[in-house]
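S.K.: FYI, the numbering for the sequence shown is 1 to 435, going by full-length UniProt numbering.
Ideal Cβ positions, reconstructed from N, Cα and C, are used throughout, including at glycine.
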Amino acid sequence: MAAAEPKPPAGAAAAGRLARGCWSAFWDYETPKVIVVKNRRLGVVYRAVQLLILLYFVWYVFIVQKSYQDSETGPESSVITKVKGITFSERKVWDVEEYVKPPESVRVSNASCDTDEDCVAERLDMLGSGLRTGRCVPYYQGSAKTCEVWGWCPVEDGASVSQFLGKMAPNFTILIKNSIHYPKFQFSKGNIEHRKDGYLKRCTFDEVSDPYCPIFKLGFIVEQAGENFTELAHTGGVIGVIINWDCDLDLSASKCNPKYSFRRLDPKHVPASSGYNFRFAKYYKVNGSATRTLIKAYGIRIDVIVHGQAGKFSLIPTIINLATALTSIGVGSFLCDWILLTFMNKNKVYSHKKFDKVCTPRRSSGSWPVTLALVLGQAPPPPCPCSADPGQSLAAPPPWPCPASAPSEQMADTPASEPSRQDSTLTDPRGLAQL
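1. Closest to THR293 by C-alpha separation, out of TYR283, GLY311, ILE300, GLY299, would be which residue?
2. To the nearest angstrom, how far is the alpha carbon of LYS145 from that of VAL120?
3. Rounding to the nearest angstrom, what Cα-Cα distance links ALA290 and GLU117 in this structure?
4. Rank SER261, GLY240, THR235 by C-alpha distance to the C-alpha of VAL270 and give the top, closest one.
5. Could you check which residue in LYS259, THR230, HIS181, TYR68 has the C-alpha nearest to that of THR324?
6. What are the start and end residues of each continuous beta strand (DSSP E) run of 3 or more residues lying completely inside the segment 297 to 328, in chain order?
7. Taking the C-alpha atoms as reference points, what is the distance between ARG301 and LEU315?
8. Quick one: Cα of GLU122 to Cα of ARG264, how far?
9. Is it right to say CYS213 is buried, meaning 16 or more other beta carbons lie within 10 angstroms of its own, or is it exposed?
10. Taking Cβ to Cβ, would you say ASN321 is nearer than 8 Å to LYS296?
11. Would you check if the distance between the CB atom of CYS153 and the CB atom of ARG132 is smaller than 8 Å?
12. Using the Cα positions of THR318 and GLU72, report the straight-line distance between them to the nearest angstrom.
13. So, are the CB atoms of PHE205 and ILE192 less than 8 Å apart?
14. Check for me: the beta strand (DSSP E) holding CYS247 runs from which residue to which?
15. Distance, Cα to Cα, PHE313 vs GLN50?
16. How would you write the range of the alpha helix (DSSP H) that VAL43 sits in, first residue to last?
17. Tell me the rounded alpha-carbon separation between TRP245 and SER273.
18. If THR81 and ILE174 are in contact, beta carbons under 8 Å, what's the gap, nearest whole angstrom?
19. Can you name the start and end residues of the alpha helix (DSSP H) that GLY190 belongs to?
20. Which stretch, first to last residue, makes up the beta strand (DSSP E) that contains ALA25?
21. Report the option in LYS201, GLY198, ASN171, LYS259 whose CA atom is closest to the CA atom of GLY219.
22. Which one or two residues does DSSP pair with TRP150 in a beta bridge?
23. In whole angstroms, give me the CA-to-CA distance for GLY332 and TYR46.
24. Starting from PHE220 and walking both ways along the alpha helix (DSSP H), at which residues does that stretch end?
25. Is TYR199 helix, strand or coil by DSSP?
26. Where does the unbroken alpha helix (DSSP H) through ILE339 begin, and where does it stop?
27. Which class does ASN345 belong to by DSSP, given the choice of helix, strand or coil?
28. Could you check the C-alpha separation between VAL34 and LYS354 for me, to the nearest Å?
29. Using 8 Å for Cβ pairs, my map puts GLN224 next to PHE262. What's the rounded Cβ distance?
30. Assuming the contact rule is C-beta atoms closer than 8 Å, LEU232 and VAL241 should be a hit. Round their C-beta distance to whole Å, please.
31. Hey, out of ASP337, TYR260, LEU335, whose CA is closest to ASP303's CA?
32. Under DSSP, the beta strand (DSSP E) around VAL34 begins and ends at which residues?
33. Mind reading off the beta-carbon distance from LYS189 to ALA253? Whole number of angstroms is fine, and I expect it under 8 Å.
34. Output yes or no for whether 8 Å exceeds the beta carbon distance between VAL238 and ASP197.
35. Is PHE280 helix, strand or coil when you go by DSSP?
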């Protein structure tokens, strides 16, 4: 008597069926099925979503963002500045050449001493005022002593004199000459109007009347940055002049104009890093001795920052954004399908009408055009269903069900089979007319 073959475990059989089902489903083709649902509220939601998406793309994407254009950011730029003006102090008159510059104290660490032993000879302190001689000498003021150094006398804090030059400084003028170039579009432009009547000698900047006269008063720049000129002149500061070139090259070149804005760049509320100062010296000889005047200047530094963006119509971004807009309109259908399948009373009826499974016979005597006609409903369905998979019960629905819905207009001349009408009546006794 032959031994019975061992049966595979139930879990392995289930896993095998699942794998075969996934493999079979991988080769399925899905095509949308159009169903008209007569429901006013759902229709309002559908059209409202479509309208919002359409407004977003038309107004924001195409009008505001100009997504139909090819764009370029960061133009090539050059800046030249010139300052004009004079001012005076208690002792002399200062002109441009004197106040426009590019950029051992007791406060020095270990500079205080009591005896010569405290001062190491030939020691160089990078934060000090010179090379130490090894002597401990009295300081300029008070009873303190510091180490003597080889250097310029007096040191910076020894005999400083403060002079304020800001009385007339607000009327100083600054010429900011700027030109830009967008290499992608071969477009260049400057911020000075080309005139031969001496226009630049008598004009100052005005956003409305003289936008192409880039001569700014220093007081105007500080005021536009929201600062007080007197306070800023005492402590110093950094003011940024931002020039923005946003150009729509689909229009004429005269519509591409610079826009100026001003703001303070250094953090004035942080004492350690606020303000601006620099040192420079003037050298001369007195009675044959080399002498210099060291000046620590607290001033206003002007940083010119240029940026911008140019755009011009291009077919490629236009097609891409139009395709995105048309695709996004389908979000309305997705939302309404989700509402129907989740919240509507007739969601089961709708699900049955929306999702149909159609399969081709395993053994077809006809050619592939006949099979395609059967799938598309252009020919009468075969009288017998497809063969069921092994292991599938007889009560399971056949792989090739007859049409569940009423015959379409194209199938009006084809008599529907009796099981088709019974199946439609059982699954949808009322139909979608009451949705």
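M.R.: Quick look at the numbers:
1. TYR283
2. 15 Å
3. 31 Å
4. THR235
5. TYR68
6. 300 to 313
7. 45 Å
8. 44 Å
9. buried
10. no
11. no
12. 16 Å
13. no
14. 237 to 248
15. 26 Å
16. Looking at the sequence provided, one finds Gly at residue 43 rather than Val. Looking at the DSSP string, the run of the alpha helix (DSSP H) that includes GLY43 is 40 to 55.
17. 31 Å
18. 6 Å
19. No alpha helix (DSSP H) holds GLY190; the beta strand (DSSP E) holding it covers 187 to 190.
20. Where ALA25 is concerned, there is no enclosing beta strand (DSSP E), although the alpha helix (DSSP H) it sits in stretches over 10 to 26.
21. ASN171
22. LEU131
23. 5 Å
24. 218 to 224
25. helix
26. 331 to 342
27. coil
28. 8 Å
29. 4 Å
30. Contact doesn't hold; Cβ gap of about 15 Å is too wide.
31. TYR260
32. Unbroken run through VAL34: none, as it is neither H nor E.
33. 7 Å
34. no
35. strand
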